[in-house]
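Notes for the one structure printed next.
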Amino acid sequence: MIDVKKILIIEDDVKIASFMELSLKTQDYDVEIEKTGKAGILAFCNSMPDIILLDLGLPDMEGIDIIQEIRKVSEVPIIVVSAREFEKDKIAALDAGANDYVTKPFSMGELSARIRVAERYLLKASPAAEEKVLKFDDLIIDTERRIITLKQQEIHLTPLEYKLLLYLAKNSGKVVTHNQILKEVWGYMDEDAAKNIRVCMAGLRRKIEPDSTHPHYIMTEIGVGYRFAQQTR
Ligand code: CA
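Sequential numbering from 2 applies to the sequence shown in the numbering used here.
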């Protein structure tokens, strides 16, 4: 069976949409373009794409609202493609449930790389999402026994470090924002909590990153949040 991935592009800039379409078609993706938010949501319902590329600045709707609408019914990977370089828009899109973002102007290589990450996320979103043992190169997390090993050596984490690691690992390949970490790991948001994340993250990194200057497992997305390494299959 040939597994052709369907990509829905919601973008009102014809040039950018055509550029993406051309490139994606040469990579054997099935591409559909819609120029408004309403048409995009309709196309999503009708053609059930595997991945959505979404422009945040559309003529009829805010991109954030589109993400919220789609997230009510689907976990389809959404990659935000936005000209707005303001971090707050990217963060708001990620908080609303977008998986990733690229900022215009971007290279097709960059976008393709993000699409491949989203494809792996798709694979993972299948039944395996509740896997009991998560493996990332030399790092293995046994969620049932709560045992973490790095190069077969058991490492000891504080309960909070463990909770943080598990949250990041379960969202591997996806950008998670500071807000999402606050909400999901800490359960509340204030300035202290934000500081605590940094402290806890530093502690976790010291324990799992062999070279803290070149993180292998927890990548920093500057001003936005973190991205955990891809799962090893
Ligand atoms: Ca636009």
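For every residue, glycine included, the Cβ atom is placed at its ideal position computed from N, Cα and C.
- Secondary structure of Asp66 (DSSP, three-state): helix.
- If you compare the alpha carbons of Glu222, Tyr218, Ile52 with that of Ser173, the shortest gap goes to Tyr218.
- The three-state reading of DSSP puts Glu132 in coil, since its state is none of H, G, I, E or B.
- By the neighbour-count definition (other C-beta atoms within 10 Å, threshold 16), Ile148 is an exposed residue.
- Sorted by position in the chain, Glu12, Asp13, Asp14, Asp56, Gly58, Leu59, Ala84 make up the residues whose C-beta lies under 7 Å from a heavy atom of ligand 1.
- Taking 3 residues as the minimum length, the beta strand (DSSP E) runs contained wholly in the segment 12-36 are 31-35, in order along the chain.
- According to the DSSP assignment, Ile149 belongs to the beta strand (DSSP E) that extends over 148-151.
- Taking all protein chains in view, the Cβ of Tyr189 is surrounded by fewer than 16 other Cβ atoms within 10 Å, so the residue is classified as exposed.
- Straight-line spacing of the CA atoms in Glu185 and Leu169 works out to 10 Å.
- Between the segment 41-54 and the segment 70-83, the count of Cβ pairs shorter than 8 Å is three or higher; the stretches touch.
- If you look at Asp56, you'll find it in the beta strand (DSSP E) that goes 52-56.
- Looking only at Leu25, Asp13, Asp101, Lys36, the smallest Cα-Cα distance to Phe229 is reached by Asp101.
- By the Cβ test, the segment 66-74 is not in contact with the segment 136-154, since fewer than three Cβ pairs between them sit closer than 8 Å.
- Judged by DSSP in its simplified three-state form, Met190 adopts coil rather than helix or strand.
- Judged by DSSP secondary structure, Leu140 falls within the beta strand (DSSP E) whose first and last residues are 140-143.
- In this structure, Ile182 lies near Ile198, with their beta-carbon atoms less than 8 Å apart.
- Judged by DSSP in its simplified three-state form, Lys196 adopts helix.
- Using a 10 angstroms sphere on the CB of Ile11, the tally of other CB atoms reaches 16 or more, which defines it as buried.
- By the Cβ-count criterion, Asp66 is exposed, with fewer than 16 other Cβ atoms from all chains shown falling within 10 Å of its own Cβ.
- Remark: C-beta atoms of Thr233 and Lys136 approach each other more closely than 8 Å.
- When DSSP states are grouped into helix, strand and coil, Gly226 belongs to the strand group.
- Per DSSP, Ser83 is one residue of the beta strand (DSSP E) stretching across 79-83.
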